[in-house]
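Sequential numbering from 7 applies to the sequence shown in this note's numbering.
Virtual Cβ for every residue (Gly too), placed ideally from N, Cα, C.
Keep in mind that this is a model prediction, so the values were computed, not measured.
Notes for the one structure printed next.
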Amino acid sequence: QIEKLQKLHADQQGKVDLEKQQQQEALRKQQEEKIQLLTAQIETTIAEHKREAETKEAQFSERMREQEQIFEQKIQQLQESAKELKTDLENQIQIVKKENEEQVAKLLQQINTSKVEEQQLRHTIEEQLLELENARQSAKQREEENVQKLQQLQDTLRQTVEQHQQQMTDLQEQEKQR
């Protein structure tokens, strides 16, 4: 009967050990699934930030190209207008030169005014281009900050994984000591 009791005790101990092993295995799998989920979430976040940054950069570049085209068209129109005005004024000057010196002075004043307007428009264009460049730099800085945040997230995940691995190692050590 002692042998039967010893065998029964050994069987029960085997069942307890098996249950503990199964529980540890289930816990390990659960932790691995959590790590995989966190990793997938981080990778998704990184991809979303990257796509967002690329989209913003593309939109910004497109807006900049559009603005540059508009500015070039305005400059071209102004230059064409100035050329036409200059041609017209020179023709008129030839006609009225003999008749009226005062009229000639007024026409020359119109040419100067056109040049001043062109200079003012150029100055405005340069200021807007500078603002666009500043906005682009700001967007780039935000992108770099996002990359740093993502790096911090990865570091946190790595620390969590290391802590988990250490806990599992500690649990295994405690189990061995028992």
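Nearest-angstrom Cα separation, counted from residue j out to residue i
{"i": "HIS55", "j": "GLU63", "result": "12 Å"}
{"i": "THR130", "j": "GLN73", "result": "12 Å"}
{"i": "GLU150", "j": "ALA88", "result": "46 Å"}
{"i": "ALA53", "j": "GLN158", "result": "16 Å"}
{"i": "MET70", "j": "ALA141", "result": "10 Å"}
{"i": "VAL186", "j": "GLN171", "result": "A query on residue 186 cannot be resolved here, the shown segment of the chain reaching from 7 to 184 and no further."}
{"i": "GLN29", "j": "GLN160", "result": "29 Å"}
{"i": "GLU90", "j": "PHE66", "result": "36 Å"}
{"i": "ILE76", "j": "LYS146", "result": "25 Å"}
{"i": "THR175", "j": "LYS182", "result": "10 Å"}
Nearest residue (CA-CA) to residue i, options the options
{"i": "ARG173", "options": "LEU33, GLN28, SER87 and GLN27", "result": "The sequence given here places Gln at residue 173; Arg does not occur at that position. The option with the nearest alpha carbon to GLN173 is LEU33."}
{"i": "ILE41", "options": "THR162, ASP17 and LYS13", "result": "THR162"}
{"i": "GLU123", "options": "LYS13, GLN183, GLN83 and HIS15", "result": "GLN83"}
{"i": "ASN97", "options": "GLU9, GLU108, GLU86 and LEU113", "result": "LEU113"}
Heavy atom of the ligand MG within 7 Å of residue i beta-carbon
{"i": "VAL167", "result": "No copy of the ligand MG appears in this structure; indeed no ligand is present at all."}
Using 8 Å as the Cβ pair cut-off and three pairs as the minimum, do the segment 133-149 and the segment 115-122 touch?
Contact between the segment 133-149 and the segment 115-122 is absent, because fewer than three Cβ pairs lie under 8 Å.
Would you call the segment 36-49 and the segment 152-168 in contact, with 3 or more CB pairs under 8 Å?
Contact between the segment 36-49 and the segment 152-168 is established, with three or more Cβ pairs separated by less than 8 Å.
Quick one: complete alpha helix (DSSP H) runs, 4+ long, within the segment 25-80?
Within the segment 25-80, no complete alpha helix (DSSP H) run reaches 4 residues.
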